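Under the numbering used here, the first residue of the sequence shown is numbered 39, with each subsequent residue one higher.
Idealized CB from N, CA, C, for every residue including glycine.
The structure presented is a predicted model; accordingly, all values stated were derived computationally and were not measured.
Presented below is the structure to which this report refers.
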Amino acid sequence: MSPTVLHIAPHPDDEALGSPGALLHLVDRGWRVVSVIASLGFPSQWERRRAEAEEAARRAHFVPLFFDPPLDLSLRDDLAHAAARVEGALPGLMAAYDVAVVVSPSPHDVHHGHEAVARGVQRALASLPAPTPVRWWMWGIWGDLPAPNVFFPFGEKDAARLLHILEAYEGELERNDYRRLLTGRASANAALGSERVFGFGTPRASALPYAEVLTEVRRVGHRWMASRAHLLDEGPLPDERFDVDLTAWLDAPSVRQLVGPIREVLDENAG
Numbered sequence: 039m040s041p042t043v044l045h046i047a048p049h050p051d052d053e054a055l056g057s058p059g060a061l062l063h064l065v066d067r068g069w070r071v072v073s074v075i076a077s078l079g080f081p082s083q084w085e086r087r088r089a090e091a092e093e094a095a096r097r098a099h100f101v102p103l104f105f106d107p108p109l110d111l112s113l114r115d116d117l118a119h120a121a122a123r124v125e126g127a128l129p130g131l132m133a134a135y136d137v138a139v140v141v142s143p144s145p146h147d148v149h150h151g152h153e154a155v156a157r158g159v160q161r162a163l164a165s166l167p168a169p170t171p172v173r174w175w176m177w178g179i180w181g182d183l184p185a186p187n188v189f190f191p192f193g194e195k196d197a198a199r200l201l202h203i204l205e206a207y208e209g210e211l212e213r214n215d216y217r218r219l220l221t222g223r224a225s226a227n228a229a230l231g232s233e234r235v236f237g238f239g240t241p242r243a244s245a246l247p248y249a250e251v252l253t254e255v256r257r258v259g260h261r262w263m264a265s266r267a268h269l270l271d272e273g274p275l276p277d278e279r280f281d282v283d284l285t286a287w288l289d290a291p292s293v294r295q296l297v298g299p300i301r302e303v304l305d306e307n308a309g
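Written out as structure tokens, the structure reads:
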């Protein structure tokens, strides 16, 4: 059976923005990518956003799954309940698909919905019987990762494929052209990612024009241990390479929790 990565997207299009290059690379290498869409926005958007997510999954060759009913992830919603639903669903999904890697936003991704989903993932993974070989990859969209340790460079052809997947989200791109985010952030990561992952002063790890960075951890005992810096293609690392303790960061309250949430538009016609 093909190895499986389970991606948890708080919203439709997060799977096309968080770490799509790494996911598509795994598909190319024979992995199965199960793309779980947690919410569908406002009820009036559900039909449109589900159709867009299904089309994006078709273009990416992902296996799409949808929370039923979708999570409510607005500021006015019960975000603790949303996190609990993710926590409750994840172990069963992991067992059903024999998951080797779980991918999600980090619990410090600033957006309240992203953080709620990530906290659910964190608690679910912490509850698994030890020892577990499952790795957790985190990406950042609204809040940058402070300690990335995985670097994945890619070229123009891959960027075109990623844009094609993202363009399935016509309604979201009409509101905000996230294509600029996809290529702009990947360009910035190509310039800064080598030093952020491998250490300041490190020579550029790749001449390719784009890159993604991720933070990879495993649960070891009661600690969240990060792997040493590596390229994505280095593959699964032995236990002794997970020797950087990120527990304090992961368990800490996010900046959003400390200073309060960013404003949110609650008009269903706004996107």
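On a Cα-Cα basis, can you pick out the residue from Asn227, Leu211, Val235 and Leu296 that is closest to alanine 185?
Position 147 of the sequence shown, counting from 1, holds the residue named residue 185. Checking every option, the nearest Cα to that of alanine 185 belongs to Val235.
I'd like to confirm the pairing. Which residues does DSSP put opposite leucine 103 in its beta bridges?
Your numbering for residue 103 matches position 65 in the sequence shown. Bridge partners of leucine 103: Val74.
Measuring alpha carbon to alpha carbon, tell me which residue in Tyr248, Ala249 and Met263 is nearest valine 255.
By 1-based counting over the sequence shown, the position of residue 255 is 217. If we check each option's Cα against that of valine 255, Met263 comes out closest.
So, for proline 247: in the same chain, excluding its five sequence neighbours on each side, which residues have a beta-carbon less than 7 Å away from its beta-carbon?
In the sequence shown, residue 247 corresponds to position 209, counting from 1. For proline 247, where only same-chain residues beyond five positions count, the Cβ hits under 7 Å are Gly193, Glu194, Ser225 and Ala228.
Among Asp147, Leu284 and Pro102, whose alpha-carbon lies nearest the alpha-carbon of valine 43?
For this step, residue 43 is matched to residue 5 along the sequence shown. Among Asp147, Leu284 and Pro102, the Cα nearest to that of valine 43 belongs to Pro102.
Arginine 218: which of Ala162, Ala198, Ser232 and Gly231 sits nearest, CA to CA?
As a position in the sequence shown, residue 218 is number 180, starting the count at 1. Arginine 218 has its Cα closest to that of Ala198, out of Ala162, Ala198, Ser232 and Gly231.
Could you check what DSSP says for glycine 309 in three-state terms: helix, strand or coil?
Here residue 309 corresponds to residue number 271 of the sequence shown, with the count starting at 1. At glycine 309, the pLDDT of 42 sits below 50, so the modelled position is not reliable; the number obtained from the coordinates is stated separately. Glycine 309 falls in the coil class under three-state DSSP.
DSSP three-state label for proline 58, please.
Taking the sequence shown and counting its residues from 1, the one referred to as residue 58 is at position 20. Of the three classes helix, strand and coil, the one that applies to proline 58 here is helix, per DSSP.
Where do the N-terminal and C-terminal ends of the alpha helix (DSSP H) with leucine 252 fall, by residue?
Locating residue 252 in the sequence shown gives position 214, where the first residue counts as 1. No alpha helix (DSSP H) holds leucine 252; the beta strand (DSSP E) holding it covers 248-258.
Please report the Cβ distance between valine 159 and valine 124, rounded to the nearest whole angstrom; I am assuming they are in contact, meaning their Cβ atoms lie under 8 Å.
The sequence position of residue 159 within the sequence shown is 121, counting from 1. The sequence position of residue 124 within the sequence shown is 86, counting from 1. That belief holds up - the Cβ atoms of valine 159 and valine 124 are roughly 6 Å apart, short of 8 Å.
Based on Cα-Cα distance, which residue from Arg96, Phe80, Leu78 and Leu64 lies nearest to glutamate 205?
Counted from its first residue, the sequence shown places residue 205 at position 167. Nearest option by C-alpha distance: Arg96.
Across the region 277-292 and the region 140-155, are there enough close Cβ pairs to call them in contact, namely three or more that are closer than 8 Å?
Taking 8 Å as the limit for Cβ pairs, the verdict is that the region 140-155 does touch the region 277-292.
Look at the Cβ atom of arginine 86, then the Cβ atom of serine 40, and state whether they are nearer than 7 Å.
Here residue 86 corresponds to residue number 48 of the sequence shown, with the count starting at 1. Here residue 40 corresponds to residue number 2 of the sequence shown, with the count starting at 1. Result no, Cβ atoms of arginine 86 and serine 40 do not sit closer than 7 Å.
Can you give me the C-alpha to C-alpha distance between valine 140 and aspartate 215, rounded to a whole angstrom?
The count along the sequence shown starts at 1 and reaches residue 140 at position 102. The count along the sequence shown starts at 1 and reaches residue 215 at position 177. Near 28 Å, if we compare the C-alpha coordinates of aspartate 215 and valine 140.
Report the three-state DSSP secondary structure of glutamate 205 (helix, strand or coil).
Taking the sequence shown and counting its residues from 1, the one referred to as residue 205 is at position 167. Glutamate 205 falls in the coil class under three-state DSSP.
From leucine 64 to alanine 121, what does the alpha carbon distance come to, in whole angstroms?
Position 26 of the sequence shown holds residue 64. Position 83 of the sequence shown holds residue 121. Computed Cα separation, rounded: 27 Å.
Measure the CB-CB distance between threonine 240 and leucine 183 and report whether it falls below 7 Å.
Here residue 240 refers to the residue found at position 202 of the sequence shown. Here residue 183 refers to the residue found at position 145 of the sequence shown. No, these two residues do not count as a Cβ contact at 7 Å.
Looking only at DSSP bridge pairs, what is histidine 45 linked to?
Indexing the sequence shown from 1 puts residue 45 at position 7. Answer by DSSP bridge pairing, in chain order: Ser73 and Val141.
Tell whether a beta-carbon distance below 7 Å holds between proline 299 and leucine 113.
To locate residue 299, count along the sequence shown from 1; it is residue 261. To locate residue 113, count along the sequence shown from 1; it is residue 75. Contact flag set, yes.
For the alpha helix (DSSP H) that contains tryptophan 287, what are its first and last residues?
Here residue 287 corresponds to residue number 249 of the sequence shown, with the count starting at 1. Its alpha helix (DSSP H) spans residues 285-289.
With a threshold of 6 Å on Cβ separation, who are the neighbours of serine 232 within its own chain once the five nearest residues in sequence on each side are excluded?
Along the sequence shown, one-based indexing puts residue 232 at 194. For serine 232, where only same-chain residues beyond five positions count, the Cβ hits under 6 Å are Thr240, Arg242 and Ala243.
Could you tell me the distance, in whole angstroms, from the CA atom of alanine 168 to the CA atom of glutamate 208?
Stepping through the sequence shown from its first residue, residue 168 is reached at position 130. Stepping through the sequence shown from its first residue, residue 208 is reached at position 170. Rounded to the nearest angstrom, the two C-alpha atoms are 43 Å apart.
How many Å lie between serine 292 and isoleucine 203 at the Cα?
Along the sequence shown, read from residue 1 onward, the residue named residue 292 stands at position 254. Along the sequence shown, read from residue 1 onward, the residue named residue 203 stands at position 165. About 31 Å.
Between the C-alpha atoms of glycine 126 and phenylalanine 105, what's the straight-line distance to the nearest angstrom?
The sequence position of residue 126 within the sequence shown is 88, counting from 1. The sequence position of residue 105 within the sequence shown is 67, counting from 1. Spanning the two alpha carbons is a distance of roughly 12 Å.
Decide if aspartate 51 is buried, meaning its Cβ has at least 16 other Cβ atoms within 10 Å, or exposed.
Counting from one through the sequence shown, the residue named residue 51 turns up at place 13. Buried, because 16 or more other Cβ atoms sit within 10 Å of the Cβ of aspartate 51.
For valine 188, list the residues DSSP reports as bridge partners.
Translated into the one-based positions of the sequence shown, residue 188 becomes position 150. DSSP lists Leu252 and His268 as partners of valine 188.
By DSSP, does arginine 261 sit in helix, in strand, or in coil?
As a first step, residue 261 is located in the sequence shown; it is residue number 223 there, counting from the start. It is a strand residue.
Determine the extent of the alpha helix (DSSP H) in which arginine 301 is found, giving its start and end residues.
Within the sequence shown, numbered from 1, the residue matching residue 301 stands at position 263. Neither: arginine 301 is in no alpha helix (DSSP H) and is coded neither H nor E.
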